[in-house]
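Enquirer:
Residue numbers (this note's numbering): 2 to 394.
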């Protein structure tokens, strides 16, 4: 098949959508398909990209970019490719462009709904009084775009339930994004390599490390973890907390940690290259998150694949990912968080058991399985369209 993927965010940007599209392209190509990505320009881009076409763009909210809604020159090129299916991964500029191209080419139009925009309206509505209006607007946008697709894909039941609550009538398939499991495996790293990385980040061999990897932004609810750490660190000298990533709240949270008196125990290490990020999971004893804005939580799956137990605030996206006392714990409040962290950090046998289970249970999230499942959706849609055209004739 010849497949067109349209997205506003793509490698080298670091976020769940960019990772999902990159994994899909790579693994569909491994299955013998020709895959073209249409996305936005980015100052960090590698000029050696293969079959990646970028439209002029400008920075947008939350470190994203927005490009042209329709590019006539690129449109002519796309029409010559002979695409069999178009798969969009955004409801904005490149998504609108992809939808228009699918209509002009009369080919199946598949859309993945990645982002719960209601959790991001604070970027648009700076004044709290306007936030309810912004939420209504993004719901309408979501319904309108998804309704125009022939098929909608979502990563978790949480997102499907949300779209159903919007009264969306389109056919919805749940297909979790896959990751390259082997890249995150503990077997790739020896104790010396891990300790050297820890040392470079300022940790002692005896330190117990809480780890967060991801965007440093308001919707990730990191301040809840910091507030809990004030009391947690008071009599636990050997515990440290490292956050790897960047975002609009980084300086705010750095100041918050200092105000709480825990600045010396919390390390904001900044962003790391995407192709190195798998190494940093190895330094953690427990991965922690209080985010309620995840659609799937790829960083949770990456942590588990790395053998790092996860302690995360209870959320619907964790269904099928996190199992209490099997590969980590969900927590509900500050006291609960502290109890569950202690139960892992100060019980080596339990930590080893959770680690082993974490790696075992992530096998279903392989990038290969992800690509295979999406491929079946494409094939079904192409067959349905051909059948419909025959009946119409």
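A virtual CB, placed ideally from N, CA and C, is assigned to each residue, including glycine. Quick caveat: nothing in here was measured; it's all calculated off a predicted structure.
Just the C-alpha distance for residue 368 and residue 5, rounded to the nearest angstrom, thanks.
Expert: Rounded to whole angstroms, residue 368 to residue 5 spans 18 Å at the Cα level.
Enquirer: Is DSSP giving residue 190 helix, strand or coil here?
Expert: Residue state, collapsed to three classes: coil.
Enquirer: Where residue 230 and residue 199 are concerned, what is the direct C-alpha to C-alpha distance, given to the nearest angstrom?
Expert: Answer to the nearest angstrom: the Cα atoms are 20 Å apart.
Enquirer: Compare the beta carbon distance of residue 311 and residue 357 with 9 Å and say whether it is the shorter of the two.
Expert: Contact flag unset, no.
Enquirer: In terms of residue numbering, what span does the alpha helix (DSSP H) encompassing residue 100 cover?
Expert: Where residue 100 is concerned, the enclosing alpha helix (DSSP H) stretches over 94-106.
Enquirer: Would you report the Cα separation of residue 272 and residue 74, rounded to the nearest angstrom?
Expert: Roughly 35 Å between the two C-alpha positions.
Enquirer: If we count the other Cβ atoms within 10 Å of its Cβ and call it buried at 16 or more, is residue 166 buried or exposed?
Expert: Looking at its Cβ environment, which holds fewer than 16 other Cβ atoms inside 10 Å, residue 166 is exposed.
Enquirer: My parser needs the alpha helix (DSSP H) runs of 4 or more residues fully inside the segment 313-357; what are they?
Expert: Those alpha helix (DSSP H) runs which fall completely within the segment 313-357 and span 4+ residues are 335-346.
Enquirer: Decide if residue 128 is buried, meaning its Cβ has at least 16 other Cβ atoms within 10 Å, or exposed.
Expert: Interpretation of residue 128 is limited by its pLDDT of 49, a score under 50 that renders its predicted location unreliable; the figure taken from the coordinates is listed afterwards. It is exposed - the Cβ of residue 128 has fewer than 16 other Cβ atoms within 10 Å.
Enquirer: Identify which residue in 168, 256, 155, 150 has its Cα closest to the Cα of residue 141.
Expert: Checking every option, the nearest Cα to that of residue 141 belongs to 168.
Enquirer: Please give the ranges of any alpha helix (DSSP H) in the segment 27-84, keeping only runs that are unbroken, at least 4 residues long and fully inside the region.
Expert: Fully enclosed alpha helix (DSSP H) runs of 4 or longer: 73-82.
Enquirer: For residue 110, which residues of its own chain have a beta-carbon under 7 Å away from its beta-carbon, when the five flanking residues on both sides are left out?
Expert: Same-chain partners within the cutoff: 87, 100, 103, 150, 151.
Enquirer: Can you check which of these residues, 206, 294, 374, 308, is closest to residue 218 by C-alpha distance?
Expert: Taking only the C-alpha atoms, the option nearest residue 218 is 294.
Enquirer: Kindly indicate the opening and closing residues of the beta strand (DSSP E) around residue 270.
Expert: Its beta strand (DSSP E) spans residues 267-271.
Enquirer: Of the residues 316, 315, 288, which one's Cα is nearest the Cα of residue 303?
Expert: Of 316, 315, 288, the residue nearest in Cα terms is 288.
Enquirer: Which partner residues of residue 213 appear in the DSSP bridge assignment?
Expert: BP columns for residue 213 point to 244.
Enquirer: Just to confirm my understanding: we take residue 195, look at its own chain, exclude 5 residues before and 5 after, and list those with CB closer than 7 Å. What are they?
Expert: If we look at residue 195 and ignore the five residues flanking it on each side, its Cβ neighbours are 283, 284.
Enquirer: At the level of alpha carbons, what is the spacing between residue 3 and residue 189?
Expert: Approximately 35 Å between the Cα atoms of the pair.
Enquirer: Could you tell me the boundaries of the beta strand (DSSP E) in which residue 178 lies?
Expert: No beta strand (DSSP E) contains residue 178, which DSSP labels as neither H nor E.
Enquirer: Which stretch, first to last residue, makes up the alpha helix (DSSP H) that contains residue 279?
Expert: From DSSP, the alpha helix (DSSP H) with residue 279 extends over 278-281.
Enquirer: Counting Cβ pairs closer than 8 Å, one from the segment 153-165 and one from the segment 313-332, do we hit at least three?
Expert: Counting Cβ pairs under 8 Å, three or more are found: they touch.
Enquirer: Quick check: the Cα distance between residue 72 and residue 51, rounded to an integer number of angstroms?
Expert: About 20 Å.
Enquirer: Between which two residues does the alpha helix (DSSP H) harbouring residue 290 extend?
Expert: Where residue 290 is concerned, there is no enclosing alpha helix (DSSP H), although the beta strand (DSSP E) it sits in stretches over 287-290.
Enquirer: How about the segment 167-183 and the segment 246-255: do they share at least three Cβ pairs that are nearer than 8 Å?
Expert: The answer is no - the segment 246-255 does not touch the segment 167-183, with fewer than three Cβ pairs under 8 Å.
Enquirer: Of the residues 344, 31, 372, 278, which one's Cα is nearest the Cα of residue 179?
Expert: Closest option to residue 179, Cα to Cα, is 372.
Enquirer: Since residue 88 sits in a beta bridge, which residues does DSSP pair it with?
Expert: Note: residue 88 sits in a beta bridge opposite 6, 111.
Enquirer: Is the Cβ-Cβ distance between residue 348 and residue 216 less than 9 Å?
Expert: Not in contact: residue 348 and residue 216 (Cβ atoms no closer than 9 Å).
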